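S.K.: Numbering (my numbering), first residue to last: -11 to 314. Every residue, glycine too, gets a C-beta built ideally from N, C-alpha and C. Just so it is clear, the structure is predicted and the values come from calculations on it, not from any experiment.
Rendered as structure tokens:
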């Protein structure tokens, strides 16, 4: 509920929107909250609710949008729970729907095919295992499919195999540390408490782009989340470069190939991890994946920061290789 309220507060009044929440009713006690040590429930307190987060509710809202505003740019924000695919296909994970069931990657891909090819789509997903939805870059939502014709960009709280933070009954929004809170705070310049947020305009052009908001979240979110962007998945699909080669890249070269946002995130994460010298990629990789790494704790913040550093550095190196290949 708090995520939706915050997001709605950032939208201009003229922006068309559809809000799906729980069973779609204002009277149902569908909001779980912590009252001292007791778990309680109350009715939602949102400025608007347009339908239920059921398959029927989603499909109805989607059809209305496709009919009424098919060419408008579309931003889809998912702020609920997510689960791995029941058949253990992590490329087809699901967004959990009210009352059971889910909306899978391929379900959403089928809906997006109903839009005109020139309708751009932005996805921001805060749920567990949400990184699988980066496969919406590809036909049918399948990682081996052809690239879709439309412009699609997405930012996800977690890789396809990891949970995400933010599933909490806490009512004090100062304690909210989920990915989307950092992403939207950086993008809008206002956090969920109404405080001004600065420091995300990494290229100093007086605007904060989505790539900068993503880098800001990578740098500042102190949780076990390992966020992923569609660009990460795109690069790993189309650039074949073994990890041992990628991680041997001198750090100074990685920085020289980085955008201002990438550089800021790499430097900040490197400092937080105490990495030094030209072999930082190899040092971080060996610590996380080497013989003595041990079993990974998905709530370990240091491990998550290390994985963010490794993944971001790898994306920079792969992007450089793609540019060089022509």
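1) Between residue 103 and residue 139, what straight-line distance do the alpha-carbon atoms span, to the nearest angstrom?
2) Out of 1, 241 and 147, point me to the one whose CA is closest to residue 70's CA.
3) Quick check: what's the CA-CA separation for residue 22 versus residue 164?
4) In the structure shown, what three-state DSSP assignment does residue 125 receive?
5) According to DSSP, simplified to helix, strand and coil, what is residue 274?
6) Return the CA-CA distance between residue 210 and residue 131, expressed in angstroms with no decimal places.
7) Which two residues bound the contiguous alpha helix (DSSP H) that contains residue 242?
8) What do you reckon, are the CB atoms on residue 58 and residue 108 nearer than 9 Å?
9) Considering residue 312, what are the terminal residues of the alpha helix (DSSP H) in which it resides?
10) Tell me which same chain residues have a C-beta within less than 8 Å of the C-beta of residue 28, skipping the five on either side of it?
11) To which residues does DSSP link residue 71 through a beta bridge?
12) Where does residue 192 land, buried or exposed, given buried means 16+ other C-beta within 10 angstroms?
13) Following the continuous beta strand (DSSP E) through residue 66, name the residue where it begins and the one where it ends.
14) Going by the CB atoms, is the gap between residue 68 and residue 153 shorter than 9 Å?
15) Would residue 294 and residue 266 be called neighbours here (beta carbons separated by less than 9 Å)?
16) When we look at the beta-carbon of residue 195 and count the other beta-carbons within 10 Å, is it buried (16 or more) or exposed?
17) Find out if the Cβ-Cβ distance for the pair residue 249, residue 190 is shorter than 9 Å.
18) Could you name the residues that DSSP lists as bridge partners for residue 29?
19) Per DSSP, which one or two residues make a beta bridge with residue 113?
20) I believe residue 38 touches residue 8 by the beta-carbon criterion, under 8 Å. Please report the beta-carbon distance rounded to the nearest angstrom.
21) How is residue 184 classed by DSSP in three states: helix, strand or coil?
22) Would you mind sorting residue 228 into buried or exposed? The rule is 16 or more other CB atoms within 10 Å of its CB.
M.R.: In this structure, then:
1) Within the model, the alpha-carbon separation for residue 103 versus residue 139 is close to 12 Å.
2) 147
3) 14 Å
4) For residue 125, the three-state secondary structure derived from DSSP is helix.
5) helix
6) 30 Å
7) 239 to 245
8) Not in contact: residue 58 and residue 108 (Cβ atoms no closer than 9 Å).
9) 289 to 313
10) 20, 21 and 22
11) Among the bridge pairs identified by DSSP, residue 71 is matched with 82.
12) exposed
13) 62 to 66
14) no
15) no
16) exposed
17) yes
18) 20
19) Its beta-bridge partners are 66 and 144.
20) 6 Å
21) strand
22) exposed
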